[in-house]
Amino acid sequence: MKPHILLLGGTGDARALATRLAPRADIRVTLSLAGRTENPAPQPVPVRVGGFGGPAGLEDYLKAEGIAAVIDATHPYAARMSFNAALACAAAGVPLLALRRAPWQPQPGDRWREVADVPSAVAALGDVPRRAFLALGRNEVRAFEAAPLHAYLVRSVDPVTPPLAVPHAEYVLGRGPFGEAEDHALLKAHGIDAIVAKNSGGSATYGKMAAARALGIEVILIARPLAPDVTAVERPAEAEAWLDGILAHGAGAERGA
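Take the sequence shown: its position 98, counting from 1, is numbered 78 in the working numbering, and each next residue is one higher.
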């Protein structure tokens, strides 16, 4: 039977890795999505949607499905899922790799202010009305209802329903990648003077960061949460190489090597 690989996804990196693995005849891959997006992007491998029921539920799934290896390519801010994966894989004796993008680093001209979490970002906007671009999940933007003095521009994959309970809010639907020129035009057209974002890393959503630098806009950057201490790589090709090593080791063990 082909080794069954579980890919925890929801990112462009996960989709890129799934695309690399899809043509392979020596394995079968299941991509797990949390199900928070109403219309997820098409994937090149079979998809499982929904949670596992915490570490114990994931451990049960790993055992029931005979999972040979897990690659955690969830979003850098999906810390709970990453810790659940670490606990479940340790308990089930399943090899685990994290595919983690390196965080963005400030460049000359950047005006970054790092805060701990979303409530801190709300407070960081201050008590003088501003025009803020919220580059966050549609559930996270709800916190900004606590600061109705500001005007908000919200970009999300799915509609924000119901709209924010604030006097001034506009909405843009879109799925990355977003280029610098596109984001430069968007920020300028809406007179944005602050951006609230996560330090996601990678290139797909970096356009707003480069555009903010060019326009001199402040970026309120929510710090990354702690991640479990597991083997990690930054690129899909490195994740595939790790997987090849795991599979080769497993085959050698079966032969008594």
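No residue lacks a Cβ here, since even glycine has one placed at the ideal position from N, Cα and C. The structure presented is a predicted model; accordingly, all values stated were derived computationally and were not measured.
- For residue 61, the number of other beta carbons within 10 angstroms of its own is at least 16, and it is reported as buried.
- In this structure, DSSP gives residue 52 an extended state, which the three-state scheme calls strand.
- Take the alpha-carbon of residue 4 and the one of residue 217: they are about 14 Å apart.
- Non-local beta-carbon contacts of residue 136 in its own chain, meaning distances under 6 Å to residues more than five positions away in sequence, involve 118 in chain order.
- The Cβ atoms of residue 93 and residue 78 do not sit closer than 8 Å to each other.
- Between the segment 147 to 161 and the segment 43 to 56 there are fewer than three inter-stretch CB-CB distances shorter than 8 Å, so the stretches are not counted as touching.
- Here residue 167 really is in contact with residue 113; their C-beta atoms are around 6 Å apart, less than 8 Å.
- In this structure, -16 is the residue among 14, 148, -16 and 188 with its C-alpha nearest to the C-alpha of residue 8.
- Counted as a single uninterrupted DSSP element, the alpha helix (DSSP H) harbouring residue 63 occupies residues 59 to 72.
- Across the structure, residue 35 and residue 140 are spaced so that their CA atoms are roughly 30 Å apart.
- With fewer than 16 neighbouring CB atoms inside 10 Å of its own CB, residue 150 falls in the exposed class.
- With fewer than 16 neighbouring CB atoms inside 10 Å of its own CB, residue -1 falls in the exposed class.
- Residue 203 places its beta carbon 8 Å or farther from that of residue 59.
- Looking at 102, 195, 84 and 39, the one whose alpha-carbon comes closest to that of residue 73 is 39.
- Apart from sequence neighbours up to five positions away, the residues of its chain that approach residue 56 with a beta-carbon distance below 7 Å are 80, 81, 180, 181 and 204, ordered along the chain.
- Excluding five sequence positions before and after residue 147, the CB atoms of its chain that fall closer than 7 Å to its own CB belong to 128, given in chain order.
- Nearest neighbour of residue 211 by Cα position, chosen from 130, 31 and 69, turns out to be 69.
- When the Cα atoms are used, residue 86 and residue 197 turn out to be separated by approximately 13 Å.
- For residue 8, the secondary structure class from DSSP, reduced to helix, strand or coil, is strand.
- Annotated three-state conformation of residue 203 is coil, per DSSP.
- Going by C-alpha positions, residue 31 is about 8 Å away from residue 13.
- By the C-beta density criterion, residue 189 is buried, having at least 16 other C-beta atoms within 10 angstroms.
- Taking a C-beta distance under 8 Å as the contact criterion, residue 44 and residue -12 do not qualify as a contact pair.
- In the DSSP assignment, residue 29 falls within the beta strand (DSSP E) that extends over 27 to 29.
- When the alpha-carbon of residue 84 is set against those of 195, 225 and 185, the nearest one is in 185.
- The C-beta of residue 75 has 16 or more other C-beta atoms within 10 Å across all chains shown, which makes the residue buried.
- Sorting 11, -18, -8 and 222 by C-alpha distance to the C-alpha of residue 46 places -18 at the top.
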